[in-house]
Amino acid sequence: MKRLVIHIGTHKTGTTSIQEALEKNRARLAAGSVWYARTNRDPHAHLPKHSSLAHALRENTARSAESEISLLLAEFEESGCETLVLSAEGFSELRRESLAPLRELATDFRIDVVCFLRRPDLFAEALWNQFCREGRETRTIRDFVRAKGVRARLRYATLLDNWSAFATVRAADFDAARKTGLLRRFGELADIEMPDSTDIHGNPSPSMNCAAALALLNGSGEAYDMKSILDAFGDDGRRCALGRRLRAEVLEEAAEERARLARDYGVSFDDTMPEESRAPLLRPDPAALAPALARLTRPGLLGRSEGGLRSLLGNRRAGSG
Numbered sequence: 000m001k002r003l004v005i006h007i008g009t010h011k012t013g014t015t016s017i018q019e020a021l022e023k024n025r026a027r028l029a030a031g032s033v034w035y036a037r038t039n040r041d042p043h044a045h046l047p048k049h050s051s052l053a054h055a056l057r058e059n060t061a062r063s064a065e066s067e068i069s070l071l072l073a074e075f076e077e078s079g080c081e082t083l084v085l086s087a088e089g090f091s092e093l094r095r096e097s098l099a100p101l102r103e104l105a106t107d108f109r110i111d112v113v114c115f116l117r118r119p120d121l122f123a124e125a126l127w128n129q130f131c132r133e134g135r136e137t138r139t140i141r142d143f144v145r146a147k148g149v150r151a152r153l154r155y156a157t158l159l160d161n162w163s164a165f166a167t168v169r170a171a172d173f174d175a176a177r178k179t180g181l182l183r184r185f186g187e188l189a190d191i192e193m194p195d196s197t198d199i200h201g202n203p204s205p206s207m208n209c210a211a212a213l214a215l216l217n218g219s220g221e222a223y224d225m226k227s228i229l230d231a232f233g234d235d236g237r238r239c240a241l242g243r244r245l246r247a248e249v250l251e252e253a254a255e256e257r258a259r260l261a262r263d264y265g266v267s268f269d270d271t272m273p274e275e276s277r278a279p280l281l282r283p284d285p286a287a288l289a290p291a292l293a294r295l296t297r298p299g300l301l302g303r304s305e306g307g308l309r310s311l312l313g314n315r316r317a318g319s320g
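Be aware that the sequence shown starts at 0, since it is given in our numbering, and climbs by one per residue.
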């Protein structure tokens, strides 16, 4: 029976690096009878992931999902390979009912699902940081992690249950995998030979002070230049935003899911806690904000409303709360 490997992310677990390696080495993998399906369809045709399928499944219209799957299967058949590989972080966001079109493939394929996970508190921080950088997050870290939709993302065992109903799930801790070699670990989980020499290009996150500033700017409605803000906070190294109190809250709520994740899927996380204050970072720390504002001196760096944005960042009460 032919095999289907579905890499579902999650977000902030080196997924882009894995996808770039698969895309770059498509011909080499095909020589070993592994086909990484082409990724050149909307809505993100420029990215090396299967957003087209994730989008079709999320839209929950049978016709679009079936059409996309038909295209992928025809391409796979033409490749002559024995293993089809698909990858998109969006797969991890799909509800159980949205997976029905993939479940039907189990009659013709042995399906393996690969998933990397981060400790819930670290994942929530990283996701907030990413959303702030993408310009779509206006909430503080506190409001973000307490949102119902975000808490749902932290139910890892439930997420994997949705897939294990019709596939073999192989999951791992991202931070542990990164220390030993992310591509190598992916290859082990997917049971495919990954190129040893492939470079991993990181997608570095801005500091948490920068993310807090971006959340304020995103909510202001003012125009600003993202690169200038990122550069202004370039020397800031703050990696944590939750604070001890909120971090404990997130981990306590996720405790039952974490226990089940370890029992049913063999995934556990390092319990080392970062050094941080008790309160969350609600606004940029003054010690990081002052030098950042000092760098924003050239006209036009913040777009059309430089003065107003400097005022927004400089006059708000900064720091933890």
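Heads up, the beta-carbon is just placed ideally off N, CA and C, and yes, glycines get one too.
With a threshold of 8 Å between beta carbons, is residue i in contact with chain C?
| i | result |
| --- | --- |
| residue 23 | In the structure shown, chain C cannot be found, because there is only a single protein chain. |
Comparing alpha-carbon positions, which option in the options lies nearest residue i?
| i | options | result |
| --- | --- | --- |
| residue 118 | 148, 173, 111 and 161 | 173 |
| residue 11 | 34, 2, 121 and 72 | 121 |
| residue 167 | 176, 141 and 110 | 110 |
| residue 72 | 44, 241 and 1 | 1 |
| residue 103 | 123, 49 and 3 | 3 |
| residue 263 | 157, 280, 232 and 251 | 157 |
| residue 256 | 152, 289 and 44 | 152 |
| residue 26 | 79, 41 and 52 | 79 |
| residue 292 | 260, 233, 261 and 259 | 233 |
| residue 270 | 77, 175 and 295 | 175 |
| residue 238 | 280, 42, 294 and 145 | 280 |
| residue 92 | 123, 40 and 7 | 7 |
Write down the C-beta distance between residue i and residue j rounded to the nearest angstrom, noting that I regard them as a contact closer than 8 Å.
| i | j | result |
| --- | --- | --- |
| residue 235 | residue 208 | 5 Å |
| residue 134 | residue 217 | 6 Å |
| residue 89 | residue 132 | Not quite, the Cβ-Cβ distance comes to about 18 Å (not below 8 Å), so this is no contact. |
| residue 171 | residue 184 | 6 Å |
| residue 240 | residue 210 | 7 Å |
| residue 228 | residue 212 | 6 Å |
| residue 346 | residue 52 | The structure shown does not extend to residue 346, since the chain spans only 0 to 320, so no value can be given for it. |
| residue 112 | residue 162 | 5 Å |
| residue 325 | residue 204 | Any property of residue 325 remains undetermined from this structure, which presents the chain solely from 0 to 320. |
| residue 59 | residue 194 | Going by Cβ atoms, the distance from residue 59 to residue 194 rounds to 36 Å, so no, they are not a contact pair. |
I need the straight-line Cα distance from residue i to residue j, nearest angstrom please.
| i | j | result |
| --- | --- | --- |
| residue 13 | residue 245 | 25 Å |
| residue 139 | residue 70 | 42 Å |
| residue 74 | residue 96 | 26 Å |
| residue 272 | residue 9 | 22 Å |
| residue 278 | residue 249 | 14 Å |
| residue 126 | residue 242 | 16 Å |
| residue 154 | residue 30 | 38 Å |
| residue 197 | residue 130 | Residue placement at residue 197 is flagged as unreliable, the pLDDT there being 49, under the threshold of 50; the coordinate-derived value follows with that caveat. Computed Cα separation, rounded: 28 Å. |
| residue 222 | residue 215 | 12 Å |
| residue 179 | residue 267 | 16 Å |
| residue 5 | residue 32 | 16 Å |
| residue 68 | residue 288 | 49 Å |
| residue 100 | residue 274 | 45 Å |
| residue 28 | residue 276 | 48 Å |
| residue 98 | residue 137 | 31 Å |
| residue 76 | residue 37 | 13 Å |
| residue 181 | residue 224 | 33 Å |
| residue 150 | residue 261 | 19 Å |
| residue 252 | residue 258 | 11 Å |
| residue 39 | residue 290 | 42 Å |
| residue 43 | residue 295 | 33 Å |
Quiz item: Using 8 Å as the threshold, is the stretch 4 to 23 in touch with the stretch 55 to 71, meaning 3 or more CB pairs across them?
Solution: no
Quiz prompt | Segment contact, 8 Å Cβ cut-off, at least three pairs: the stretch 182 to 197 with the stretch 279 to 295 | solution = no
Quiz item: Would you call the stretch 101 to 116 and the stretch 141 to 152 in contact, with 3 or more CB pairs under 8 Å?
Solution: no
Quiz item: For the stretch 90 to 138, which segments carrying the beta strand (DSSP E) assignment without a break, of at least 3 residues, lie completely within its bounds, in sequence order?
Solution: 108 to 116
Exercise. Say whether the stretch 77 to 95 touches the stretch 48 to 56, bearing in mind that this needs 3 or more beta-carbon pairs closer than 8 Å, one atom from each stretch.
Key: yes
Exercise. At 4 residues or longer, and completely inside the stretch 189 to 232: list those alpha helix (DSSP H) runs for me, N to C.
Key: 207 to 219 and 225 to 231
Quiz prompt | Completely contained beta strand (DSSP E) runs for the stretch 149 to 178, where each covers 3 or more residues | solution = 167 to 172
Self-check item: 4-residue-minimum alpha helix (DSSP H) runs that sit fully inside the stretch 60 to 91, ordered along the chain
Solution: 61 to 78
Exercise. Please go through the stretch 247 to 288 and give each complete alpha helix (DSSP H) segment of 4 or more residues, from N-terminal end onward.
Key: 254 to 264
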